[in-house]
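The structure appears right after this line, and notes come after that.
Numbering (my numbering), first residue to last: 202 to 357.
The following block contains the structure:
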């Protein structure tokens, strides 16, 4: 069932971002803390961390995208070297394939270090726990993307 939930979330997300270009993705309404591009980059980065803990054998949080999309960052941190929105959409496509192909194996593994989210009282010591949290995380940021897209469309 978890595989179907992940696939449904990613499919809905991909449907909603299909018609978004770089200009819309980087537009930040005055009332928002970030933009669609940041939301998508954050979702991809954190889901790699939650599902795999590594990218190409290296710590996800030490990767270059972390400086643009990690907790506490914002579009103000963009310097022209961050991935484009088109590149992020491609990474999203690749990520869902990697997740689905590795899911059964990952669900049985322990994490190298537990994830502790003190502010929401969440403790994840294995991938089964963090992968389930990844679905919540995906849907939260998917909702933010839909909201931002709707706000931008109303402004235009």
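Backbone N, C-alpha and C fix where the C-beta goes; we use that ideal spot for every residue, glycine too.
Residue environment, residue i, which counts as buried when at least 16 other CB atoms sit within 10 Å
i	result
residue 239	buried
residue 218	buried
residue 282	exposed
residue 249	buried
residue 315	exposed
residue 337	exposed
residue 318	exposed
residue 265	exposed
Beta-carbon proximity of residue i to residue j, cut-off 7 Å
i	j	result
residue 344	residue 289	no
residue 335	residue 251	yes
residue 286	residue 223	yes
residue 254	residue 299	no
First through last residue of the alpha helix (DSSP H) which encompasses residue i
i	result
residue 327	No alpha helix (DSSP H) contains residue 327, which is instead part of the beta strand (DSSP E) from 323-327.
residue 299	286-308
residue 210	203-218
residue 251	237-252
residue 269	267-270
Sequence-distant residues of the same chain with beta carbon closer than 8 Å to residue i, five excluded per side
i	result
residue 301	204, 207, 208
residue 276	227, 229, 235, 236, 238, 239
residue 308	203, 328, 329, 332
residue 292	245, 284
Residues near residue i in its chain [Cβ-Cβ closer than 6 Å; skip 5 each side]
i	result
residue 278	269
residue 340	210
residue 214	343
residue 297	211
Bounding residues of the beta strand (DSSP E) (the contiguous stretch that carries residue i)
i	result
residue 224	Segment 223-227 is the alpha helix (DSSP H) holding residue 224; no beta strand (DSSP E) there.
residue 314	311-318
Sequence-distant residues of its chain with Cβ nearer than 7 Å to residue i (five each side left out)
i	result
residue 324	315, 317
residue 347	217
Supposed contact pair residue j and residue i - C-beta distance, whole angstroms, cut 8 Å
i	j	result
residue 355	residue 221	At roughly 15 Å, the Cβ-Cβ gap does not stay under 8 Å, so residue 355 and residue 221 are not in contact.
Test: residue i CB closer than 7 Å to a CB of chain C
i	result
residue 226	Here there is only one protein chain, and chain C is not present.
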